[in-house]
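Single-structure report; data block below.
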Amino acid sequence: MKIFLDTAEIEEIKIAARWGVLDGVTTNPSLYAKVGGSYDAILQEICKITSGPVSAEVISDDVEGMLTEGRHFAKLAPNIVVKVAMSENGLEAISRLADEGIKTNCTLVFSTNQGLLAAKAGASLISPFVGRLDDINQDGMTVIRELAEIFSLYSIEAEILAASIRNPLHMTQAALAGAHVATVPFKILQQMVHHPLTDKGIVQFKKDWEAAQQAAAAKS
Ligand code: G3P
Numbered sequence: 001m002k003i004f005l006d007t008a009e010i011e012e013i014k015i016a017a018r019w020g021v022l023d024g025v026t027t028n029p030s031l032y033a034k035v036g037g038s039y040d041a042i043l044q045e046i047c048k049i050t051s052g053p054v055s056a057e058v059i060s061d062d063v064e065g066m067l068t069e070g071r072h073f074a075k076l077a078p079n080i081v082v083k084v085a086m087s088e089n090g091l092e093a094i095s096r097l098a099d100e101g102i103k104t105n106c107t108l109v110f111s112t113n114q115g116l117l118a119a120k121a122g123a124s125l126i127s128p129f130v131g132r133l134d135d136i137n138q139d140g141m142t143v144i145r146e147l148a149e150i151f152s153l154y155s156i157e158a159e160i161l162a163a164s165i166r167n168p169l170h171m172t173q174a175a176l177a178g179a180h181v182a183t184v185p186f187k188i189l190q191q192m193v194h195h196p197l198t199d200k201g202i203v204q205f206k207k208d209w210e211a212a213q214q215a216a217a218a219k220s
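Quick look at the structure:
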């Protein structure tokens, strides 16, 4: 499963890239709002850090507006993927952008049927929001699992991107459910690195090493 970072924070993206675990980045208007400044400049900077897909979200409601924004984003860097929210107009924009060779990520997907339609329209990435479904007492991972089964049955090329990941367990569950990608906030990526026994073990190894060095020095 590929790992994308769900953030517009440049420093977080740089760190994940240095760790060697970064396959791409997703942004959205809410994540951009936390950073501010020029969205275009941020996207271009992210695209310099990773050659993986970088999602840039359109905000227009009408098809022409979505197309204009999408074409603009697509010119910023070769690895930009235009994020379009699931809607009737969104499907049309996805289809037309696909005809122009522009890759899209269909976002705000909350049902298997929405995901199926987005794939048929030509989206490269389909983003079910797992955490927001869990929030309303529905099992978000079911959408991932059902889409994975359908895409496999019918050899559909679109990739399932598990979004709205809220905890490390979601990452494991998304991988087991067949998500091709999961996009994760930096804090959760950090949580995935750590385990109390790992951290304790590192401290103990260092302590034992230093004690052995002191004992060896005392003998010589
Ligand atoms: O990728 C979508 C994600 O940013 C939404 O997450 O936690 O706002 O539901 P959340």
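If you read the sequence shown in the working numbering, its first letter stands for residue 1, the second for the next number, and so on. Ideal Cβ placement from N, Cα and C applies to all residues, glycine included. Since the model is a prediction, treat every value here as computed from it, not as a measurement.
Whole-number beta carbon distance between residue j and residue i, since they are thought to touch under 8 Å
i, j, result
"Phe129", "Gly140", "7 Å"
"Gly90", "Met66", "7 Å"
"Leu43", "Leu5", "Not confirmed; about 14 Å, so no contact."
"Gly24", "Gly52", "3 Å"
"Lys83", "Glu57", "4 Å"
"Gly131", "His195", "About 22 Å; that fails the 8 Å criterion."
"Thr112", "Glu88", "The pair is not a contact, with the Cβ atoms about 18 Å apart (cut-off 8 Å)."
"Ala177", "Ala158", "No, Ala177 and Ala158 are not in contact; Cβ-Cβ is about 16 Å, not under 8 Å."
CB of residue i within 9 Å of CB of residue j, strictly
i, j, result
"Ile143", "Leu153", "The residue you asked about is not Ile; residue 143 is Val in the sequence shown. Not a contact, by the Cβ cut-off of 9 Å."
"Thr68", "Ser60", "yes"
"Ala8", "Ile49", "no"
"Ala98", "Ala74", "no"
"Ile156", "Ala119", "yes"
"Thr107", "Ala93", "no"
"Ile126", "Val109", "yes"
"Ala193", "Ile3", "It is worth fixing the name first, because residue 193 is Val in this sequence and not Ala. Not a contact, by the Cβ cut-off of 9 Å."
"Ile202", "Val184", "no"
"Thr27", "Ala163", "no"
"Leu227", "Ile13", "The structure shown does not extend to residue 227, since the chain is modelled only from 1 to 220, so the question has no answer here."
"Leu189", "Ala16", "yes"
Nearest candidate by alpha-carbon position, reference residue i, set the options
i, options, result
"Ile160", "Leu169, Lys75, Ala175, Val35", "Ala175"
"Ala179", "Leu189, Ala212, Ile150, Pro185", "Ile150"
"His72", "Ala211, Ala41, Gly201", "Ala41"
"Asp62", "Arg96, Val35, Ala218", "Arg96"
"Lys222", "Asn167, Phe205, Lys200", "Residue 222 lies beyond the range of the chain shown here (1 to 220); nothing can be said about it."
Where the alpha helix (DSSP H) containing residue i begins and where it ends
i, result
"Ile102", "That residue, Ile102, is in no alpha helix (DSSP H); it is neither H nor E in DSSP."
"Leu161", "It is not in any alpha helix (DSSP H) - Leu161 instead sits in the beta strand (DSSP E) that spans 159-162."
"Thr27", "Counting along the chain, Thr27 falls outside any alpha helix (DSSP H), and DSSP gives it neither H nor E."
"Glu11", "10-19"
"Met141", "140-153"
"Asn113", "112-121"
Terminal residues of the beta strand (DSSP E) in which residue i lies
i, result
"Gly131", "No beta strand (DSSP E) contains Gly131, which is instead part of the alpha helix (DSSP H) from 130-135."
"Phe227", "It is not possible to answer for residue 227, since the shown part of the chain is limited to 1 through 220."
Practice problem: Kindly provide the ranges of any beta strand (DSSP E) runs that are 3 or more residues long and lie completely inside the stretch 171-200, ordered along the chain. | Solution: 181-184
Quiz item: Which ranges would you report for the beta strand (DSSP E) in the stretch 49-81 if only whole runs of at least 3 residues count?
Solution: 54-57
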